[in-house]
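These protein sequence lines are chains A and B, in that order.
Per the working numbering, the very first residue in the first sequence carries number 1; after that it's consecutive.
Per the working numbering, the very first residue in the second sequence carries number 115; after that it's consecutive.
Quick reminder that beta carbons are idealized off the backbone N, C-alpha and C, glycines included.
Quantities reported herein were computed from a predicted structural model and do not represent experimental measurements.
Below you'll find the structure, written out as structure tokens, and then a few comments.
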Amino acid sequence: KAGVTQTPRYLIKTRGQQVTLSCSPISGHRSVSWYQQTPGQGLQFLFEYFSETQRNKGNFPGRFSGRQFSNSRSEMNVSTLELGDSALYLCASSLARGGPGEQYFGPGTRLTVT
Amino acid sequence: AQTVTQSQPEMSVQEAETVTLSCTYDTSESDYYLFWYKQPPSRQMILVIRQEAYKQQNATENRFSVNFQKAAKSFSLKISDSQLGDAAMYFCAYRSARQTSGSRLTFGEGTQLTVNP
């Protein structure tokens, strides 16, 4: 069974631009969560999607948004990029929401904002 | 809000020896789940072990085991017979059992483990 895939793996953008990151969950998984990882703030939860609906959102500005498609693939979008948005963005999928079930993480997208 | 604290930014261990990584958390909830994730240089997060708060028995997975002290809000990871492949960043994580929290994980700051040959 294929794992979680994220595209692109690396991205360089300029301040003020916008970016879209993609995540394909493991087949059959319906929950997709996004995390931002930076050296200063560590791993922070961005949002969770389940059945095409955002179910949970972390403490991030409105410039961060996302969506989920009927095949459970998810995209996150960051508009008006700032230097501080440079980070590793991780996507994780699971069969269901919550519980003790494992979240499977993708390899991440490394975003650099210049 | 829940918080997770890992007070050891770095740890090192000799190959074949045992090492314990510490984690404490703060929550007012009684039902939750705790996890240890490993992030090697490839950056791929991998689940090492999980513990359900209502279970008193400490979880074990081969060479990995936890010491879960619910009253003390402590959740340490013990790695026995350390191997070179265990070298990685280790994250402790908390998940609420509340339905509204979904799959959201709250992570600690991480502990960088070095395994010396």
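What does residue i touch in chain A if you count any residue whose Cβ is under 7 Å from its own?
i      : result
B/S217 : S31, S33, E48, S94, R97, G98 and Q103
B/E143 : Here the premise fails: no neighbours, minimum Cβ distance about 13 Å.
B/Y147 : P100
B/E175 : The contacting residues do not exist; B/E175 stays about 12 Å from chain A at best.
B/E166 : P100
In the DSSP output, what is residue i paired with across the bridge?
i      : result
A/S33  : A/E48 and A/A92
B/K152 : B/I160 and B/Y204
A/V19  : A/V78
B/G216 : According to DSSP, which records beta bridges pairwise, B/G216 is partnered with nothing at all.
B/N181 : B/S190
B/S142 : None, per the DSSP bridge assignment.
Could you work out which residues of chain B lie near residue i, taking near to mean beta carbons separated by less than 8 Å?
i      : result
A/F45  : R218, L219 and T220
A/V55  : The sequence as given places Arg at residue 55 of chain A; Val does not occur at that position. Near A/R55 (Cβ distances below 8 Å), the residues of chain B are G216.
A/P107 : S156, R157 and Q158
Less than 9 Å separating the beta-carbons of residue i and residue j?
i      : j      : result
B/L135 : B/L227 : yes
B/N181 : B/S194 : no
B/A207 : B/F149 : yes
B/K184 : B/A173 : no
A/G16  : A/L81  : yes
B/I160 : B/Q171 : no
A/S27  : A/A2   : yes
A/P61  : B/R209 : no
A/Y49  : A/R63  : no
B/F205 : B/Q120 : yes
A/V19  : A/C91  : no
A/L11  : A/M76  : no
A/N56  : B/S215 : yes
A/T109 : A/R30  : no
What distance in whole Å lies between the Cβ atoms of residue j and residue i, which are believed to be in contact at a cut-off of 8 Å?
i      : j      : result
B/E129 : B/Q197 : 7 Å
B/Q116 : B/T138 : Rounded, the Cβ-Cβ distance is 11 Å, inconsistent with contact.
B/Y146 : B/A211 : 5 Å
A/S74  : A/V113 : Not a contact, Cβ separation roughly 21 Å.
B/V133 : B/F221 : Incorrect: roughly 20 Å between the Cβ atoms, too far for contact.
A/F47  : A/Q41  : About 16 Å; that fails the 8 Å criterion.
Applying a beta-carbon distance threshold of less than 9 Å, which residues of chain A neighbour residue i?
i      : result
B/F178 : Within 9 Å Cβ-Cβ: nothing; B/F178 doesn't reach chain A, min ~14 Å.
For a contact defined as C-beta to C-beta under 7 Å, what are the partners of residue i on chain B?
i     : result
A/L90 : M159
Name the chain B residues that come within less than 9 Å of residue i, Cβ to Cβ?
i     : result
A/G42 : F205, F221, G222, E223 and G224
Does the ligand MN have even one heavy atom less than 8 Å from the beta-carbon of residue i?
i      : result
B/Q122 : Ligands are entirely absent from the displayed structure, and the ligand MN is therefore not among its contents.
For residue i, go through chain A and note every residue whose CB falls closer than 8 Å to its CB, in chain order.
i      : result
B/Q213 : R97 and G98
Which runs of the beta strand (DSSP E) fall wholly inside the region 52-94 of chain A and span at least 3 residues, in chain order? 53-57, 64-68, 74-78 and 87-94
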